[in-house]
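Before any comments, here is the structure.
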Amino acid sequence: MKKYMLSIAVMVLLSCGTKEETATEIIKEEGQQTVVELNAAQFKNAGITIGFPVEINMHRTIKVNGVVDVPPQGMVSVSFPLGGYLKSSHLLPGIGVKKGEIIAILEDQSYVQLQQDYLMAKAKMEFLSTDLVRQKELSEQDAASKKTYQHASAEFKTQQVLIRSLEEKLRIVGIDPEKLSVNTISRTISLRSPINGYVTKVNVNIGKYVNPADVLFELVDPDDIHAALTVFEKDIMQIKKGMRASVTLADKPEKKYEVDVILVTRNVDENRGGLVHCHFENANHELLPGMFLNGNFELDYQKTVAVPASAIVRYQSKPYIFIAKDSSRFEMIEVEIGISNQEMIELKGKENIDWKQQKVVLKNAYSLLGKLKNKMEDD
2 MKKYMLSIAV MVLLSCGTKE ETATEIIKEE GQQTVVELNA AQFKNAGITI
52 GFPVEINMHR TIKVNGVVDV PPQGMVSVSF PLGGYLKSSH LLPGIGVKKG
102 EIIAILEDQS YVQLQQDYLM AKAKMEFLST DLVRQKELSE QDAASKKTYQ
152 HASAEFKTQQ VLIRSLEEKL RIVGIDPEKL SVNTISRTIS LRSPINGYVT
202 KVNVNIGKYV NPADVLFELV DPDDIHAALT VFEKDIMQIK KGMRASVTLA
252 DKPEKKYEVD VILVTRNVDE NRGGLVHCHF ENANHELLPG MFLNGNFELD
302 YQKTVAVPAS AIVRYQSKPY IFIAKDSSRF EMIEVEIGIS NQEMIELKGK
352 ENIDWKQQKV VLKNAYSLLG KLKNKMEDD
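Here's what the structure looks like:
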């Protein structure tokens, strides 16, 4: 019996010793994971700055993305109703054009035929007009039958319709019928820009035959260019007409464009986002339809306790900050962050910590994180 009791006592002691040893290792490991200590030389070389979080007013920012868009009335597809061969054009994508400017010259025998038909119809009209007057006088004097007069009148009216339709065909292709004469018949027609804008696409080359349905050029009116931004469902109700935002091209983040909200859609798509249409205040020819945009809406100010962005480090996808335990020891603790801008990040409240009274590392916090990682690897 004594033998058994002795064995149990030994086992209990061994068990307690193991638990105590394990607990010590865990505490030591936790200490290594959260606390870093620097001597005076290391502190100087790290270049860290210590200070207090500050109370400031910050905007809440809504991040958005979208594209440069153009309404239907701002994009023009240029075609030619008669078809023909492209004789010349100086257009290239990006070139600016003015309304009425010659952008291409087309050539075809059908243009000559149209002008010929009009001038011949006009010449015949002069004969029919004279004949109608003569037949009317004869009819009134009973020198000719009324049927002959009626036939002359019908021919005259038919010719009027023909001339009128030919005049409109000429106007469609850019020929002024009032200025057309035997001496001005031409096998070429000048195609003119219908808007002030710039070229986005050129679909033809010199010598190519284009059909009436072919699009030769695509033009854009820069005054109608706008930003179509996608805002998530949870934020869409906070966006109002007249609000301002700044956007950048995805491949040129250094160049900012200011925009004003002109329309907020009242529906949400399958990706739980809604469209916000914005007008560019400083649009230029760099903005082309379809280009991707990133942007920010800044909402009303609110009072926050914040630190510089350089004070926050990320470890295993979580935000941390180093608090000063004393002049040489710094503890890394996980924090909850709130709104942010390019310079400052809000610190949410944390139990037992008054951020305004707590010294933290404000600059070069990542140097401490690096030292902490090295220490963990060495251990």
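Residue 301 in this note's numbering sits at position 300 of the sequence shown; the count goes up by one each step and never skips. Glycine residues also receive a C-beta, built at the ideal position from the N, C-alpha and C atoms.
As assigned by DSSP and simplified to three states, the class of residue i
i: K351; result: strand
i: V183; result: helix
i: M126; result: helix
i: K4; result: Note that K4 has pLDDT 42, beneath the 50 cutoff, so the model's placement of it is unreliable and the number below is only indicative. Helix.
i: L363; result: strand
i: P178; result: helix
i: R135; result: helix
i: S371; result: A quick correction: the sequence has Gly, not Ser, at residue 371. Correct three-state label for G371: helix.
i: R165; result: helix
i: D1; result: Residue 1 falls outside the range modelled here, since the chain spans only 2 to 380, and no answer is possible.
i: D70; result: strand
i: Q33; result: Caution is warranted here: a pLDDT of 45 is assigned to Q33, below 50, making its placement in the model unreliable, and no coordinate value can be reported.
i: A155; result: helix
i: I237; result: helix
i: I49; result: coil
i: R44; result: Per the sequence presented here, residue 44 reads as Phe, with Arg not at that position. F44: helix per DSSP, three-state reduction.
i: A310; result: helix
i: M292; result: coil
i: L250; result: strand
i: K256; result: strand
i: K64; result: strand
i: L300; result: strand
i: R188; result: coil
Residues bridged to residue i (per DSSP)
i: H278; result: A229, L264
i: T305; result: I57
i: V221; result: M76, Y199
i: I96; result: Answer by DSSP bridge pairing: none, since I96 is not bridged.
i: Y112; result: According to DSSP, which records beta bridges pairwise, Y112 is partnered with nothing at all.
i: S1; result: Not covered by the structure: residue 1. The range shown for the chain is 2 to 380.
i: P320; result: R315
i: I103; result: R193
i: L87; result: L107
i: Y210; result: Y86
i: R245; result: D261
i: I173; result: DSSP lists no partner for I173.
i: I346; result: V308, S341
Of the residues the options, the one placed nearest residue i, counting alpha carbons only
i: N46; options: S368, L230, N204; result: S368
i: M121; options: G101, P82, I186, E337; result: I186
i: Y258; options: S247, L264, N268, G371; result: S247
i: E337; options: M345, A325, K351, S329; result: K351
i: M333; options: Q359, N353, D355, L373; result: L373
i: G371; options: Q359, S341, E344, Y316; result: Y316
i: I96; options: K360, A228, F293, E219; result: E219
i: L92; options: T201, Q117, Y112; result: T201
i: A310; options: L300, Y302, F323; result: F323
i: L133; options: Y150, A124, M76; result: Y150
i: N268; options: D261, V262, L276; result: L276
i: V36; options: K357, G339, R330; result: R330
i: K64; options: S78, N353, N295, M345; result: N295
i: A41; options: S328, I354, G339; result: S328
i: H60; options: E335, V308, D301; result: D301
i: S90; options: K209, A155, K137; result: K209
Contact test: residue i Cβ vs the ligand SAM heavy atom, cutoff 7 Å
i: G296; result: Annotation note on the ligand SAM: not contained in the displayed structure, which lists no ligands.
**Asked** Would you say the stretch 359-367 touches the stretch 76-93, given that touching needs at least three Cβ pairs under 8 Å?
**Response** no
**Prompt:** When the Cβ atoms of the stretch 192-212 are set against those of the stretch 96-111, are three or more pairs found closer than 8 Å?
**Reply:** yes
**Prompt:** Are three or more beta carbon pairs between the stretch 212-219 and the stretch 268-278 nearer than 8 Å?
**Reply:** no
**Contact the stretch 231-244 vs the stretch 197-211: 3+ CB pairs below 8 Å** = no
**Message:** Pairs of beta-carbons, one from the stretch 70-78 and one from the stretch 156-172, closer than 8 Å: are there three or more?
**Reply:** no
**Asked** Can at least three beta-carbon pairs, one atom from the stretch 42-58 and one from the stretch 273-292, be found at a separation below 8 Å?
**Response** no
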